[in-house]
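**Student:** Numbers given in this note's numbering equal positions in the sequence shown, counted from 1, plus 707. We put the beta carbon where it would ideally sit given N, CA and C, even for glycine.
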Amino acid sequence: MFLLKKLNNQGDKSKSNHPPSPPKLPIIGNLHQLGSLPHRSLRNLANEYGPVMLMRFGSKPTLIISSADTALEVMKTQDLNFCTRPTLVGTKRLSYNFRDFAFTPYGDYWKDMRKICVIELFSSKRVQSTVFVRAEEVSDLMKNIAKSAPSPINLTEIFFSLTNNITSRVTFGKSYKGKNFDIAKFVETINEAMDMLASFSATDFFPYVGWIIDVLTGFNTRLEKCFNEFDGLYQQVIDEHLDPDRKKPDHEDIIDILLGISRNETGEIRLTSSHIKGLLMNVFIGGIDTSAVTMVWVMAELIKKPEAMKKIQEEIRNCVGKKGKVEASDINQLQYFRMVVKETFRLHPPGVFLLPRECRKHCKINGYDIYPKTRVLVNAWAIGRSSEHWENPEEFAPERFMDTSIDYIGQDFELLPFGSGRRGCPGINMGMATVDLGLANLLYCFNWELPNEKDINMDEVASLTVHKKIPLILLPTKYIEPI
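#1: By the three-class DSSP mapping on this structure, what secondary structure does Ile1187 have?
#2: Is there contact here, the segment 1093-1107 with the segment 1007-1021, by at least three beta-carbon pairs under 8 Å?
#3: So, at 7 Å on beta carbons, what are the nonlocal neighbours of Lys767 in its own chain, with the 5 sequence-adjacent residues on each side left out?
#4: Starting from Phe1153, trace the beta strand (DSSP E) both ways and give me its first and last residue.
#5: Give the single residue among Leu1054, Glu1098, Ile1072 and Phe926 whose Cα lies nearest to the Cα of Arg747.
#6: Could you give the DSSP three-state label for Asn700: helix, strand or coil?
#7: Exposed or buried, Lys1017, counting other C-beta atoms within 10 Å across all chains shown (16 or more means buried)?
#8: Does the ligand FMN have a heavy atom nearer than 7 Å to the CB of Glu1021?
#9: Does the pairing of the segment 867-874 with the segment 942-960 give three or more beta-carbon distances under 8 Å?
#10: Secondary structure at Ile734, three-state DSSP: helix, strand or coil?
#11: What separation, rounded to the nearest whole angstrom, lies between the Cα atoms of Ser1170 and Gly1091?
#12: Going by beta-carbon coordinates alone, are Arg1067 and Asp786 separated by less than 8 Å?
#13: Let's test the definition: count the other Cβ atoms within 10 Å of the Cβ of Ser774 and tell me whether it reaches 16, buried, or not, exposed.
#14: Which of the three DSSP states is assigned to Asn1164 in this structure?
#15: Would you mind working out which of Gly736, Ile1180, Phe839 and Ile771 sits nearest Gly765, comparing C-alpha positions?
#16: Can you list, in chain order, the residues of its chain whose CB lies under 6 Å from that of Thr791, leaving out five sequence neighbours each side?
#17: Using DSSP's beta-bridge definition, name the partner residues of His1174.
#18: DSSP on Asn1275, reduced to helix/strand/coil?
#19: To which residues of the same chain is Glu936 closer than 7 Å at the C-beta, ignoring the five residues directly before and after it?
#20: Per DSSP, what kind of secondary structure is Leu904 in: helix, strand or coil?
#21: Distance, Cα to Cα, Asp1110 vs Glu899?
#22: Sort Cys1070, Asp776 and Pro729 by Cα distance to Ser1093 and report the nearest one.
#23: Report the residue ranges of all alpha helix (DSSP H) runs contained in full by the segment 976-1025; include only those spanning at least 4 residues, in chain order.
#24: Roughly how many angstroms separate the alpha carbons of Lys1012 and Ala842, rounded to a whole number?
#25: Looking only at its own chain, which residues have a Cβ that is under 7 Å from the Cβ of Asn724, when we skip the five neighbours before and after it?
#26: Report buried or exposed for Leu862, applying the criterion of at least 16 other Cβ atoms within 10 angstroms of its Cβ.
#27: May I have the straight-line CA-CA distance separating Pro726 from Trp1088, to the nearest angstrom?
#28: Over what stretch of residues does the beta strand (DSSP E) that includes Arg763 continue unbroken?
#29: Quick check on this structure: which residue in Glu827, Leu1182 and Gly742 has the alpha carbon closest to the alpha carbon of Asp963?
#30: Considering just the uninterrupted stretch of the beta strand (DSSP E) at Ile823, what are its terminal residues?
#31: Span of the beta strand (DSSP E) holding Lys767?
#32: In terms of DSSP beta bridges, what is Asn861 paired with?
#33: Tell me, please, whether the segment 1019-1026 touches the segment 923-938 by the rule of three or more beta-carbon pairs shorter than 8 Å.
#34: Less than 8 Å separating the beta-carbons of Ile1180 and Pro1158?
#35: Starting from Leu1084, trace the beta strand (DSSP E) in both directions and tell me its first and last residue.
Pasting the structure below:
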């Protein structure tokens, strides 16, 4: 009976209407076509084969989605069919010693963890309660830049330092220092983890033999070292929060909140230390890099287009006046500022591919048959540059958002920097609060230009996010003394 069922299934698939596919090679499939910038390579292939394209990476069938209409089908119309995650060694990198949330397959555990993220960690109320952290860190940054002006500064480093400081304080607490906690080592470990996530794991594509390659290349050893370090660092912080002699903080941090949930024996959700560590990984991996990369691309695009730089600075300065800083309450009044951020997300979504999904059961997309265990990659970068929805899509033109309600919160599928549906990013409020306040103050307090009036290099390098290849170094001059 099993063999008959297997043969019948194979027969059904042979009669299926499969999505178009580029030619592939034996064993490796289409891996050779990814190139150094896969988002660009796959956009070019989609222009030839269509917005629903089936590829094979090693032994794994992968559906590439490259249009707003098909993204809507995957993430809204049939969200339940595509809301789980593929089980990959690459994604298990985040759960070496603890269970991760972002890469967890759809089920009760994932639902519970998402509820915690949306309600307890990243709600509007929670973001508002940490406004003082962002205000203090941004103020310190502005004062430091003022001291060094008019010397050139590396904004790439500045932005990563800012997002790391804010994320660390929100997570570990306002007064948390950690007697033996090496913050420099922690940042180094974060960077290593991101490199691991973006790197090639042979086992992901060749499950039965790839592990040999991973062992021989030292990949597994590097992986084990990286996440053992995470496990030890997180455990140290948790233990210090559990210390009965610890002074009660004025403001709860994320670890306080998670430990409070774990002690609530009458609640529906019980958190172990593994759950807490998994959620902490999401906070740091998702919160530091993406926000910093976005700010780098905003400033790079503005320095390329002086008229846009002048317009956004005039708007901010007319709104804020001479009070010496932009406050969170000012941001909603900055309409052109909001258009600039949207346009940057369109051209440079921090995650050019949304986190991979997996088909749960046989269904159809655009009339094509999609089968269970097919991975799904949504090319958000290609969608943002599609001429089907955007006029002059390669041009940086914030004014295109002037008379439209299109936003980046996941309801408009032409613009998907944070995804949509059940798997949309739950930390959007926290991330945008940092981006908005940091950028607005930088543009308010200083005028910016390129050192020696050189042309800016906009080349990309692909990692977990797509970075500007050459660090962004600009020359600041004070407009106002920051306070």
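**Tutor:** According to the structure shown:
#1: Working through the sequence shown from its first residue, we reach residue 1187 at position 480. Reduced to three states, the DSSP call for Ile1187 is coil.
#2: yes
#3: Here residue 767 refers to the residue found at position 60 of the sequence shown. Closer than 7 Å at the Cβ level, and outside the excluded window around Lys767, lie Phe912 and Arg1082.
#4: Walking along the sequence shown from the start, residue 1153 turns up at place 446. Its beta strand (DSSP E) spans residues Phe1153 to Glu1156.
#5: Position 40 of the sequence shown, counting from 1, holds the residue named residue 747. In this structure, Leu1054 is the residue among Leu1054, Glu1098, Ile1072 and Phe926 with its C-alpha nearest to the C-alpha of Arg747.
#6: This structure leaves residue 700 out entirely; the chain is present only between 708 and 1190.
#7: As a first step, residue 1017 is located in the sequence shown; it is residue number 310 there, counting from the start. Looking at its Cβ environment, which holds fewer than 16 other Cβ atoms inside 10 Å, Lys1017 is exposed.
#8: This structure lacks the ligand FMN; in fact it carries no ligand of any kind.
#9: Look at the beta carbons and you see the segment 867-874 not touching the segment 942-960: under three pairs across the two are nearer than 8 Å.
#10: In the sequence shown, residue 734 corresponds to position 27, counting from 1. Note: Ile734 maps to coil in three-state DSSP.
#11: Counting from one through the sequence shown, the residue named residue 1170 turns up at place 463. Counting from one through the sequence shown, the residue named residue 1091 turns up at place 384. The straight-line gap from Cα to Cα measures roughly 19 Å.
#12: As a working mapping, residue 1067 is identified with position 360 in the sequence shown. As a working mapping, residue 786 is identified with position 79 in the sequence shown. No.
#13: By one-based count along the sequence shown, residue 774 stands at place 67. The residue in question, Ser774, is buried, as its Cβ has 16 or more Cβ neighbours within 10 Å.
#14: Numbered from its first residue, the sequence shown carries residue 1164 at position 457. Correct three-state label for Asn1164: coil.
#15: For this step, residue 765 is matched to residue 58 along the sequence shown. Of Gly736, Ile1180, Phe839 and Ile771, the residue nearest in Cα terms is Gly736.
#16: For this step, residue 791 is matched to residue 84 along the sequence shown. These residues qualify, in order along the chain: Pro812, Tyr813, Glu1065 and Arg1067.
#17: Translated into positions along the sequence shown, residue 1174 becomes position 467. Answer is Val1168.
#18: Summary: the structure shown does not reach residue 1275, with the chain confined to residues 708 through 1190, and so no result is reported for it.
#19: One-based indexing of the sequence shown puts residue 936 at position 229. The beta carbon of Glu936 sits closer than 7 Å to the beta carbons of Thr896 from its chain, once the five residues preceding and following it are set aside; these are given in chain order.
#20: In the sequence shown, the residue the question calls residue 904 occupies position 197. Here Leu904 sits in helix by DSSP.
#21: Residue mapping note: residue 1110 aligns to position 403 of the sequence shown, counting from 1. Residue mapping note: residue 899 aligns to position 192 of the sequence shown, counting from 1. Distance between the alpha carbons of Asp1110 and Glu899 is about 43 Å.
#22: For this step, residue 1093 is matched to residue 386 along the sequence shown. Of the listed residues, the one whose Cα sits closest to Ser1093 is Asp776.
#23: 980-1011
#24: Here residue 1012 is taken as the residue at index 305 of the sequence shown, counted from 1. Here residue 842 is taken as the residue at index 135 of the sequence shown, counted from 1. Each residue's alpha carbon lies about 28 Å from the other.
#25: Position 17 of the sequence shown, counted from the first residue, corresponds to residue 724. Closer than 7 Å at Cβ, skipping near neighbours: Gly1074, Tyr1075 and Asp1076.
#26: Residue numbering aside, residue 862 sits at position 155 when the sequence shown is read from its first letter. Buried.
#27: Walking along the sequence shown from the start, residue 726 turns up at place 19. Walking along the sequence shown from the start, residue 1088 turns up at place 381. Looking at the backbone, the Cα of Pro726 and that of Trp1088 are separated by about 21 Å.
#28: Your numbering for residue 763 matches position 56 in the sequence shown. Note, Arg763: beta strand (DSSP E), Val759 to Phe764.
#29: Sequence index remark: in the sequence shown, residue 963 carries index 256 (1-based). The option with the nearest alpha carbon to Asp963 is Glu827.
#30: In the sequence shown, residue 823 corresponds to position 116, counting from 1. Neither: Ile823 is in no beta strand (DSSP E) and is coded neither H nor E.
#31: Here residue 767 refers to the residue found at position 60 of the sequence shown. Element bounds for Lys767: Lys767 to Ile772.
#32: Your numbering for residue 861 matches position 154 in the sequence shown. Asn861 is bridged to Ile1180.
#33: no
#34: What you label residue 1180 is simply residue 473 of the sequence shown in a count that begins at 1. What you label residue 1158 is simply residue 451 of the sequence shown in a count that begins at 1. Result yes, Cβ atoms of Ile1180 and Pro1158 sit closer than 8 Å.
#35: Position 377 of the sequence shown holds residue 1084. Element bounds for Leu1084: Arg1082 to Val1085.
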